[in-house]
Each structure stands twice: as structure tokens, then as C-alpha cells.
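Take a look at the structure set out below.
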Amino acid sequence: MLGKTKLGEQIRILRKGRYNNILLKKWLVTKLGKYNFCSLSNDINSSSKYQVENFQTDFLTPQELKLVYNNRKHTFTSSYEDRVNVFLKPLETDKLQEDNNSQLASSDKEENVGTAKKEEIEKGVDNCESDKNNSNEKKKSFLKFLQVDRFNALKNNKHKYVYDFEIENITELSKYEAGEIVNVFFWTKEKIGIGLLNRKSNIVIRIIESDINKTINDIFFIKQIYESIKKRFKYIYNINMYEYIHSFNLKKNGNLFCKIINSVNDNLPGLNVEIYNNNIYIRYDNLAIQKYSYIFEKELDRIFTPKNIYCKKIVSKKEKRAQGGKEYILEQIKGDDLELNYSENGYTFFNNITNITYDIFHLYNKQDRMFIKTLCDSSNILNINGNVGEYIIGASLKNAESAENGDLNYKENISIILSDCIKNTNYIEKNIAHNNCKHITSLHRENILEELNNMHLNNLKFDIVIFNIQSNIVYRKSSYTSVYGKRHLVSFKGIHKYINSIEDILQKNGMLFITVELSAIDYDKFLNIVRCVFENKKRSISIIYENSCSIENNILSNDHNSWYLRSVCFKLGHD
């Protein structure tokens, strides 16, 4: 038997090497005999279990874990044995391997045989490709097998979603309702994890846990909520979560404004929760996670005791996202106020909960607005699609401060915010008045592009243009896969027309600040669109600032295919 100190060192080595719990259990059984070793999330209150010194078994503290586990009633329990098993389609090489199994030699010659087998597989794949005579046959082959890139993404935990055409036993899943918890395997019976099912959606399964042997119940979701909130409390606000929950003063004076649960990055795919001081806003992006809404809403109310709780629930059975927000309904499950406010850097912004499609305020670009403020000394500013004024009010107030302080270098400047949404325009004007920004002009135009051309014709020039690009989820028959489901993707078609018009109204050496929702793999493609526009205009640009994602996502981002609100600032010149 190993000593306690030696055992702790060995476990830390295994953990540092990213060995999973199963390997760790096998190693402990070998060293300790028949010993009941518990995974990180189990048996937290058992003092009789063997404890390793200086080995952190959970992100949550013992006090916080007691809040999670104590006095909990389970409304459901899903164990490994009771769950439905879902198998993905085989790789094309899997089928070829099955056909060549009889040619395998003894284990001492396995390496040589494996090399020969690999050559046979490659020849078989080449033969299969040469036999495809038309596009229809290629499509059938595409649907018949799991693609290698998708296999690697799921195996390496880079993607946490499975499409309908990737599942072998898809017809057997129609009898289960949305939210059914299932075990997910590759064709070879290699374990992927535990997922939430919605057969009617293009994305049939969303993975919520990689340990397929884990029992899922109310506590699983509650623990995920606590871990998500603690990440923000610890890294953004430096707040002790246990003290916050038990302190009336902290709750009253907390002034929290952030996204406290961020969907797949918090292992709760489809659940987005934002807090605005004493108000909670919840959005469910799929029916599977929405089945357990009663758990999330009750626990969030218990933790924050908010004045109002608003929920946007998805009603589209197939979870079609190209509906401009019509795929949701709004429910107010606590309180009766419809107007929210958001405070940042001494400014206050108002918006109405009914006046939104997806986002109420742009919470995620706080550092961007601080950067913009440093650029806006005596500058003409244009803000396009600036939501309810978060960007231009903070930036242009510096001009107003210079005027009030009698700055000799100050000159009268133009600050314009341009919006195509009448509801946004009403709240922009309210926020301008509340923050005493009389120098800002709010314009409502149904056709933004036409207004930009009019500004050019009137020889209106700006030192800084802030362009908050509104990306739309659209249906494209040519696009088979995306994070939004089969054939649904975020489109930037026509965006070059706006960039072209913006170039016409920018001063020499002016700056273009863009916010856009993009995945990491598409970021370079977007930059090329901007570069091409300015190259055609014989103007050079250079990037002086980039922010790949928000504070919250910087902490939690783990999927390079996920879409985040990104920002980039270009400085212009002439060739």
C-alpha cells in the first residue's frame, strides 16, 4: 500500500497527463486493491472515504457543494443501464476493416499486418471513389458514413452536437420526446458521452457529459449552474459565491451585469442566462434543454432572488433558427416590470424586454467601449446599428467633457447613431436624454445603405465609424452542416456593400471599428472581405485592435466552431 503523500503525487501526475477517471480507477485498484474510488462529482459528504491531501476534487468548495447536494429532491433519475443507446454511422474505413478482418494475423505480427491493411484500405477507398459516376452517388456515400472530420471533432470533444444524418439507428428514436437522455456511441461501440435528444431537430443530440457511466438527475444540472456562476464571480467580480447567496447586502448592492450561463461552454447546450442587477433573462435555444426549465428557473431564483425573471422559450418543434426571433415566445415568470436598465462606466442604458430578438444589451464588449473612448477625442463619430446607444454614448461623452471643461483645442463635432429599428430608436433617444448627451443625433432609417450613400453625396465625413454588424441566420440549401443545424448558417451576404459605402465617408487616416458574431475558423474569411473592399478603393488598412471574444467567453471558450461576438479596429490610409 502506498503512503498518503506518495499516492497524492501519483494521482496528480495522472491528472496532469489528462488520464480519464476510468484509467485512474484501474491504477488505484492495482495499487490499493478493492477500493471504492469516487469520481470528482460523487460522494462529497462522505468523511469515511479515503481523502488525498492537497488534491482539489472539485471547482466548488465544500460549503458550495453542500448547497448543491443538501436537501434535494430528485424529479428524475437517468442511469447508464436505463438510457437509450444511440450509435453513429461507421466511418468508411470501419466498413473496409470489417471486410478485411479475416486477413488479420497473430498479435506478434500485428504492426506489419496493420501497415498492409492500411494500404488495402487506401486502395479500397480509391476504388470506391473511382466507382462514383455522378453527384447523386456521392451524396449517398456522404450520408452513408460518418465523415472523418466529424469523427475527430466528436472524439476530441471539439463538437458537442450530432446531426440526424450521422445516426445509424435514427428511425428508432422517433418515439422519444425532446429532452430524452441517451448514451451516445461510435459505430465501434467507443463511448462518446451522454446527450439530450430531440429527434425532430436537425441537431438530434447535444452532448452534456463525457462520462457515459454517470447518473444524471436534478443535481447534475444544479451543479453545472453553480459552477458556471462561480466562474463569473471568481474571475470577473471577485465575489465569494457562498457569501453572496447568504448575504442580503451583497445581493442588493452587487450590480451584476454579465452572462452567467453560456450554453455549450458551460456544458448546458442551448441555455443562455444573463443577469441585469435584480433581473434575470433566460433564453432556451433548443427544446431538449427546455424540458428541464423548471430546474434552472427555480435554482436561479434561489441563488439571486431577483425582482424579475424573463424567459424566451423556443416554440419551433424543429428548432428552425432562420425566423428572425419568431421561433421564440416571451414569458415573464416572476415580477411585472418590462423595462430593464444596464450600468457601465457611469452611464445607464434602458431597454424594454419586449424590444428584443436575441440580445437586450451588448454586455460582452465592455473593454471595446473603453478602447473606443480613447480614440474619440474631438472626433466626428458615426455608429451604425448601435443597439440602444451603448457604444456611441460612452465614446462621444469625451467630446462633451472637453467642451464643458473649456478645452481650447475642442471644436464642434458630429455624433450620429443610425438605426433601422424604430423601437431601438425610441430607447436610443431616451438613453441620450438620460445621460445628458444632447450633442448626439439619433436617426431612424429603414434603408441604412441608402442613408450612407446620401451622407456621401452631402460630403459628410467621419473620423470614426462604429459598425455593429447584424448577422442573420439564414437557410442555404448548399450548406449542409452548421452549428445551427442542417442547412442553417449565419450569412454575411451583401456586407461588402456596407463596407464600400462606409469607406466613402471615412476621413483619411480614419478608423473603422467593427463588431461581428463569428467563429474562429471564419474570422480570416471576414477580414479578407474588408481588405478586398479597401484594396479596390486603392486604400490601405491596418489592424490596430482585436478582441476575439468577450470577457465571459475568454474564460470559457472551448469550441473554435462556436460563434462569438468579436471586434476589430482598422486604421485607414491612402496608397
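To convert, count from 1 in the sequence shown and add 453; that's my numbering.
Quick reminder that beta carbons are idealized off the backbone N, C-alpha and C, glycines included.
- N1000 sits close to N818, with the two beta carbons spaced by under 9 angstroms.
- Secondary structure at D957: helix, using DSSP grouped into helix, strand and coil.
- Here C890 has I846 as same chain residues with Cβ atoms under 6 angstroms from its own Cβ, once five neighbours each way along the sequence are excluded.
- Sequence-distant partners of I756 (beyond 5 residues in either direction) whose C-beta falls short of 7 angstroms from its own C-beta, in its chain, are I682 and I698.
- According to the DSSP assignment, D602 belongs to the alpha helix (DSSP H) that extends over V601 to K608.
- The stretch 726 to 739 makes contact with the stretch 754 to 768; the number of CB pairs closer than 8 angstroms reaches 3 or more.
- Under the DSSP assignment, K704 falls in the alpha helix (DSSP H) whose first and last residues are F701 to N706.
- Membership of K676 in the alpha helix (DSSP H) is indicated by the continuous run D671 to R685.
- L793: member of the beta strand (DSSP E) spanning E792 to E797, first to last residue.
- N838 is classed as buried because its beta carbon has at least 16 other beta carbons within 10 Å across all chains shown.
- In this structure, T968 places its C-beta atom within 9 angstroms of the C-beta atom of H815.
- For H897, the enclosing beta strand (DSSP E) starts and ends at I893 to H897.
- For V726, the CB contacts under 6 angstroms within the same chain, skipping 5 residues up- and downstream, are I713, I714 and I735 in chain order.
- In this structure, the alpha-carbon of F529 lies about 12 angstroms from that of Y747.
- Listed in chain order, the beta strand (DSSP E) runs fully inside the stretch 872 to 922 are 893 to 897 and 915 to 921, counting runs of at least 3 residues.
- Measuring C-alpha to C-alpha distances from L544 to each of K608, G632, S796 and Y522 identifies K608 as the nearest.
- With contacts defined by Cβ atoms closer than 9 angstroms, N808 and Y880 form a contacting pair.
- Around the beta carbon of G947, fewer than 16 other beta carbons sit within 10 angstroms, so the residue counts as exposed.
- Beta-bridge partners of R1019 (DSSP): V969.
- In the three-state reduction of the DSSP assignment, F638 falls in the strand class.
- Sorting F920, I661, N622 and N636 by C-alpha distance to the C-alpha of H612 places I661 at the top.
- Nearest neighbour of A606 by Cα position, chosen from F639, K771 and K628, turns out to be F639.
- Excluding the 5 residues flanking it on each side, I675 has same chain C-beta neighbours closer than 8 angstroms at V521, R525, I748 and E752, in chain order.
- Listed as beta-bridge partners of G1026 by DSSP are S993.
- The criterion of a C-beta distance shorter than 9 angstroms is not satisfied by S872 and S849.
- Secondary structure at K779: coil, using DSSP grouped into helix, strand and coil.
- In this structure, the beta-carbon distance from I917 to C985 does not fall below 9 angstroms.
- With 16 or more other Cβ atoms inside 10 Å of its own Cβ, V841 counts as buried.
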